[in-house]
DNA sequence: TCTTAAATTATTCAAGTGTATAATCAGGCA
DNA sequence: TGCCTGATTATACACTTGAATAATTTAAGA
């Protein structure tokens with residue numbers, strides 16, 4: 020049996036490759052399929068090498084989850100930042116970005132659900148989730164506050180917290196159902212429902228002029 | 020080694036015991052810990068017996084998921100049915116029941132997330148989910164329609180669908196975050212947020228007189 | 001060029017997995 | 001009573017898993 024040829028890589032790209040392979044394996048075949056051997060093969064590497072970069076499979080999973088969480092946050096964040104100067108427009112784009120690819124796709128649902136399901140039995144994953152959730156909600160709160168101010172409305176701080184929690188929950192729930200069963204909803208239907216619901220909750224209009 | 024004593028049970032209670040043991044094992048230690056041996060031990064039974072009641076572990080899991088879905092649906096449904104004669108009150112109770120025990124607890128989150136995470140790789144579970152989701156949303160839609168009618172408002176059918184999807188998503192998302200990290204929210208805070216958000220989305224008041 | 005440390009592979013191991021099969025027990029019916 | 005069918009247990013099997021270890025190759029520095 021011919022020996023596999025060596026292929027040296029920088030530490031950073033190797034770690035990224037291994038994380039990507041981990042996510043691919045999880046998304047495609049679930050936790051059950053995400054074995055060390057399967058991941059190694061996807062990364063074009065030998066199982067043993069994984070131990071060289073990650074002390075244990077558990078730690079590699081944590082790194083992979085961290086990458087998922089930050090990706091989802093940054094996607095919405097960058098979309099809003101690129102949206103222009105008016106606060107209402109930024110809030111609209113921030114909300115809508117969660118109902119378009121690459122956020123809404125089966126792969127993300129798989130990854131998200133599998134990691135969520137591990138939270139109750141893995142405190143490290145719980146901490147990663149909390150950090151990502153709070154970052155997202157804070158950013159959402161900032162957009163809400165700015166959009167309302169642009170309409171001449173000021174909020175008590177407690178009110179802002181309530182609205183951010185509610186709208187964040189709404190977006191989570193709609194994203195979830197849309198990802199689980201996209202065929203149950205029309206094209207753009209969930210995005211439209213989300214946007215008009217946010218309008219009612221805030222009492223302002225978000226639609227483009 | 021003494022042989023385990025026989026214990027005859029009716030087919031129905033045995034199946035229920037096995038399903039309960041399966042759910043306990045999953046909730047406590049995740050998919051990884053829900054092995055045939057572990058489940059058998061929790062049920063006070065030998066691994067081989069499981070094969071006598073369920074052709075495969077997969078089928079047993081499907082039965083277990085079905086039990087979770089119907090339980091969550093029936094809890095809200097029965098609460099609303101027992102709420103009295105006014106439609107607004109029934110809608111209020113229906114919404115609130117999702118933010119109280121036994122719906123909000125770590126065990127349910129574990130179970131829910133684990134099964135959701137299996138949906139992308141198990142079409143049978145996907146079908147069970149869809150059935151439960153539609154039942155729940157239809158029932159919610161019925162309560163919404165009745166509550167609005169009680170306030171003298173009639174809806175176009177499309178409008179009702181939108182509202183049911185939005186409120187269902189809102190409840191899902193809030194329940195989810197509350198279950199993942201209950202300590203991030205005050206006592207009754209999520210229930211209050213849910214109720215007042217539904218009020219704004221519907222344009223009617225739900226609070227008790 | 002030689003040496004050394006790090007990166008990568010190959011091999012091995014013990015534990016655990018779902019499932020199949022055969023032996024054993026209990027209860028119902030002749 | 002005695003037997004027979006189904007429920008239940010015990011055992012065995014083939015396979016997979018994550019991890020440990022030893023062997024091999026590469027890259028870099030003196």
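Chains as they are written, first to last, in this note's numbering: chain D, 20 to 228; chain V, 20 to 228.
Note that beta-carbon positions come from the ideal geometry of N, C-alpha and C, so glycine has one too.
CB contact flag (residue i, residue j, <8 Å)
i, j, result
"residue 209 of chain V", "residue 197 of chain V", "yes"
"residue 138 of chain V", "residue 199 of chain D", "yes"
"residue 107 of chain V", "residue 166 of chain V", "yes"
"residue 132 of chain D", "residue 136 of chain V", "yes"
"residue 147 of chain D", "residue 85 of chain D", "yes"
"residue 113 of chain V", "residue 98 of chain V", "yes"
"residue 225 of chain D", "residue 214 of chain D", "yes"
"residue 41 of chain V", "residue 58 of chain V", "yes"
"residue 183 of chain D", "residue 151 of chain D", "no"
"residue 72 of chain D", "residue 23 of chain D", "no"
"residue 56 of chain V", "residue 43 of chain V", "no"
"residue 96 of chain D", "residue 158 of chain D", "yes"
"residue 128 of chain D", "residue 87 of chain D", "no"
"residue 50 of chain V", "residue 50 of chain D", "yes"
CA nearest to the CA of residue i, picked from the options
i, options, result
"residue 90 of chain V", "V:39, V:223, V:30 and V:224", "V:39"
"residue 110 of chain V", "V:59, V:29, V:190 and V:149", "V:190"
"residue 26 of chain D", "D:52, D:35, D:65 and D:172", "D:65"
"residue 218 of chain V", "V:77, V:163 and V:206", "V:163"
"residue 223 of chain D", "D:201, D:203, D:32 and D:173", "D:173"
"residue 178 of chain V", "D:116, D:88 and D:216", "D:216"
"residue 206 of chain D", "D:73, D:123, D:140 and D:95", "D:123"
"residue 75 of chain D", "D:54, D:63, D:94 and D:88", "D:54"
"residue 181 of chain D", "V:204, V:140, V:30 and V:62", "V:204"
"residue 134 of chain D", "D:63, D:83, D:30 and D:69", "D:83"
"residue 116 of chain V", "V:142, V:70, V:144 and V:155", "V:155"
"residue 125 of chain D", "D:79, D:37, D:158 and D:201", "D:201"
"residue 169 of chain D", "D:100, D:101, D:105 and D:153", "D:105"
"residue 145 of chain D", "D:188, D:80 and D:69", "D:80"
"residue 30 of chain V", "V:69, V:153, V:194 and V:94", "V:69"
"residue 63 of chain D", "D:52, D:88, D:36 and D:51", "D:36"
"residue 121 of chain V", "V:92, V:176 and V:187", "V:92"
"residue 143 of chain D", "D:28, D:187, D:77 and D:194", "D:77"
"residue 227 of chain V", "V:103, V:141 and V:52", "V:103"
Simplified DSSP state of residue i, which is helix, strand or coil
i, result
"residue 159 of chain D", "helix"
"residue 107 of chain D", "helix"
"residue 183 of chain D", "helix"
"residue 20 of chain D", "Confidence in residue 20 of chain D is poor, its pLDDT being 42 and thus under 50, which makes the residue's placement too unreliable to answer from."
"residue 120 of chain D", "coil"
"residue 204 of chain D", "coil"
"residue 135 of chain V", "helix"
"residue 94 of chain D", "helix"
"residue 35 of chain D", "helix"
"residue 219 of chain V", "helix"
"residue 170 of chain D", "coil"
"residue 191 of chain D", "helix"
"residue 211 of chain V", "helix"
"residue 101 of chain V", "coil"
"residue 175 of chain D", "coil"
"residue 28 of chain D", "coil"
"residue 224 of chain D", "coil"
- Runs of alpha helix (DSSP H) lying entirely within the stretch 37 to 80 of chain D, each at least 4 residues, in chain order: Restricted to the stretch 37 to 80 of chain D, the alpha helix (DSSP H) segments that are unbroken, complete and at least 4 residues in length are 55 to 61 and 66 to 72, listed in chain order.
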